[in-house]
Amino acid sequence: MKKILLIGKTGQLGAELMKDAAARGFKIAGYEKDQLDITNVNEVREKIAQEKPSIVINTAAYHVLPLCEKNPLLAMAINFVAVNNLARICKEHNILFVTYSTDYVFDGQKGSPYQEDDLTSPLQVYGMSKLAGEYAALHSHPGGTFIIRTCGLYGGENGSLQKGGNFVLNIIKQATSQKTIEVGSEQVVSPTYAGDLSKATLDLFKFAAVPGIYHLVNEGQCSWYELARETFALANIDAKIIPVNRSGQGAQMKRPLFSALQNTKAKALGIQLPSWQEGLKSYIMKRI
Ligand SMILES: NC(=O)c1ccc[n+]([C@@H]2O[C@H](COP(=O)([O-])OP(=O)(O)OC[C@H]3O[C@@H](n4cnc5c(N)ncnc54)[C@H](OP(=O)(O)O)[C@@H]3O)[C@@H](O)[C@H]2O)c1
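For reference, each letter of the sequence shown is one residue, going 2 to 289 in the numbering used here.
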């Protein structure tokens, strides 16, 4: 039985991985931030030596965009330096290392879904720090690192603590006090349900995928406005949504206008997530 050491077990994705890995017969040792902080390299080294996992999965990140702009050193410490340390320690112990990255490593200029080997060009500190983490991990542990890029992630009972929930939960909450809601229509993404991402992550091991960069997202693409509309339709919410164009600007930082991702590498192995509408339906059925 393979053992996984999971970092960030209380997060949107971490909570799903805890359940799914156990259901698939993995032994799993999950840690929350208070028990294992990835910026503390000695603690990380100790825990890995103690648990002796065959796979380390890191879901931790510093990912509130305006905070990354304000605190670039902290963004780099968590998304780059800590990820590099994890990869180095995994290499020393011959452990597979999985860490997550983002659609925000791209600038959106391509105008069609990004494939795994497309040119990266992040527009803000968050994307730069995540891309630095990608490079570092692949460099430090080339034969054993899986970089999984995902997009517009939502999941869990309360979403992400750091982000104050997630888009789906927050828009549903907003509808309880507002009859008319403005939602950005200019940004196109591949919204992804953490439950589907968790299963696809574990499928990489089932199908003996080779280490490298993977795009794991629910299939298809939509704007945040379309995601809000579908959410309200599925949850039977009667509120008016008004599309607004903010040109990807906000909190003095740029966001890519088109950052949908295309899964080509995992798909070639038979790993494909459901459509974004199906992913959303699964989440809403569970939560409401
Ligand atoms: N959310 C999105 O829209 C999105 C989009 C693309 C990519 N991603 C990537 O997907 C991954 C998972 O995201 P998520 O939405 O599941 O995140 P999340 O819900 O915020 O969960 C992250 C988890 O990591 C923990 N954590 C934070 N800093 C840590 C540290 N220094 N040491 C140890 N644990 C720490 C958090 O603990 P606390 O809750 O106590 O802080 C939380 O349990 C991240 O790499 C993220 O960059 C997310």
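Ideal placement from N, C-alpha and C gives every residue a C-beta, glycine not left out.
Keep in mind it's a predicted model, so treat the numbers as computed, not measured.
Looking at D119 and ligand 1, is the gap between the Cβ and the nearest heavy atom below 7 Å? No, Cβ of D119 sits at least 7 Å from all heavy atoms of ligand 1.
Would you call the segment 144-154 and the segment 97-112 touching, i.e. three or more CB-CB distances under 8 Å? The count of Cβ pairs closer than 8 Å, one atom from the segment 144-154 and one from the segment 97-112, reaches three, so the stretches are in contact.
From the DSSP output, which residues share a beta bridge with A30? Per DSSP, L6.
Does any heavy atom of ligand 1 sit closer than 7 Å to the C-beta of Q13? Q13: yes, Cβ under 7 Å from ligand 1.
Who does V190 pair with in a DSSP beta bridge? The partner list for V190 (beta bridge, DSSP) reads C223.
Nearest-angstrom Cα distance between P257 and F107? In a straight line, the C-alpha of P257 is about 7 Å away from that of F107.
Beta-carbon separation of Q222 and P114 under 8 Å? Yes. Within cutoff.
Please specify which runs of the alpha helix (DSSP H), each continuous and at least 4 residues long, are wholly inside the segment 152-193, giving them in chain order. Fully enclosed alpha helix (DSSP H) runs of 4 or longer: 168-178.
Need the endpoints of the beta strand (DSSP E) that M134 sits in, please. First, the residue type needs correcting, since residue 134 is Gly and not Met in the sequence shown. If you look at G134, you'll find it isn't in any beta strand (DSSP E); it sits in the alpha helix (DSSP H) that goes 126-141.
Report buried or exposed for V211, applying the criterion of at least 16 other Cβ atoms within 10 angstroms of its Cβ. Flag for V211 reads exposed.
Counted within 10 angstroms of its Cβ, other Cβ atoms place H64 as buried (16 or more) or exposed: Its Cβ being crowded by 16 or more others within 10 Å, H64 is buried.
I79 CB to nearest heavy atom of ligand 1 below 7 Å: The beta carbon of I79 sits closer than 7 Å to at least one heavy atom of ligand 1.
Note the first and the last residue of the continuous alpha helix (DSSP H) segment covering F206. Annotation for F206: the continuous alpha helix (DSSP H) segment containing it runs 195-207.
Contacting residues, own chain, Cβ-Cβ under 6 Å from A16 (five flanking each side not counted): Correct list, in chain order: G157.
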